Amino acid sequence: MFLEVVLVNGIWIVLILASLMYGVGTGSLSSINQVIVQVGQQTLEFALPLVAATCFWNGILNVARAAGLLRGLQKLLSPLLKRLFPDLDQDPEALQYIAANIAINVFGLGSAATPSGLKAMECMQRNNPDKKTATRSMVTFLVLNTAGVTLLSTTIITLRAQFGAANPTDFMPFAIMATCCACAAGLLLDRLVNYHDR
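To convert, take the position in the sequence shown, counting from 1, and add 157; that gives our numbering.
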């Protein structure tokens, strides 16, 4: 793992140095400098709203937990959660965060689902006997989080509107179909692997 990190870092350093040397050699160093400034500005403009949204939803998540909303959401989704995560019966806190993550992902708020996803993993890791290996529930949650059904792709709609799409929502039927198929395939594969491992 260490050698892979060193190798990848080495490749990036070589590419950066080669680009700078090419810029100096061709007399276009000012153009490279201009691009670096523009990319930095565009990255900040793109990332800042996502960071702000994540912080906002993390606060909402804490308020929802204190108000008992996560418990209610867990009870609402309990038939599904009990089938998907049978070994988490004794961990209601993890199930609450999983339920919140599923609900947020349904509305396409991917970055907003991150805090609840991290909290769910943290809860599951607490009771993990082998800290270096993911449990069955962790793997199932990862599959569900990655390929979960999205009914309203809020983030994509916002980005499409921001970049001037004529109809920012025209992709929605295809997105719903794709996420349903991905979720079904992912969970089916997860069940087959779990069944085989038994």
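Note that beta-carbon positions come from the ideal geometry of N, C-alpha and C, so glycine has one too.
All figures in this text were calculated on a predicted structure; none of them were measured in a lab.
Can you find a heavy atom of the ligand FAD that lies under 7 angstroms from the Cβ of residue i?
{"i": "Met295", "result": "The ligand FAD is not part of the structure shown, which contains no ligands of any sort."}
Could you give the C-beta distance for residue i and residue j, rounded to a whole number, given that I count them as a contact under 8 angstroms?
{"i": "Ala304", "j": "Cys340", "result": "5 angstroms"}
{"i": "Leu227", "j": "Ala256", "result": "7 angstroms"}
{"i": "Gln253", "j": "Gln231", "result": "5 angstroms"}
{"i": "Ser176", "j": "Phe242", "result": "At roughly 48 angstroms, the Cβ-Cβ gap does not stay under 8 angstroms, so Ser176 and Phe242 are not in contact."}
{"i": "Asp347", "j": "Val296", "result": "7 angstroms"}
{"i": "Ala269", "j": "Ile261", "result": "5 angstroms"}
What residue from the options has the CA that sits closest to residue i's CA?
{"i": "Ile173", "options": "Ile189, Thr183, Glu161", "result": "Ile189"}
{"i": "Thr271", "options": "Phe298, Ala291, Thr292", "result": "Phe298"}
{"i": "Ile259", "options": "Thr336, Asn324, Ile193, Trp169", "result": "Thr336"}
{"i": "Val350", "options": "Thr292, Thr183, Val162, Met278", "result": "Thr292"}
{"i": "Leu218", "options": "Gly274, Leu237, Glu202", "result": "Gly274"}
{"i": "Phe331", "options": "Val306, Leu345, Leu237", "result": "Val306"}
{"i": "Phe320", "options": "Glu161, Phe203, Leu186", "result": "Phe203"}
{"i": "Leu344", "options": "Val163, Leu233, Leu237", "result": "Leu237"}
Where do the N-terminal and C-terminal ends of the alpha helix (DSSP H) with residue i fall, by residue?
{"i": "Leu226", "result": "226-233"}
{"i": "Gln253", "result": "249-263"}
{"i": "Val300", "result": "293-303"}
{"i": "Leu316", "result": "311-319"}
Q. Quick one: any contact between the region 252-265 and the region 310-325, if contact means 3 or more CB pairs under 8 angstroms?
A. yes
(Q) Assess contact between the region 235-247 and the region 279-295, defined as three or more Cβ pairs (one per stretch) separated by less than 8 angstroms. Is contact present? (A) Flag = yes, the region 235-247 and the region 279-295 touch.
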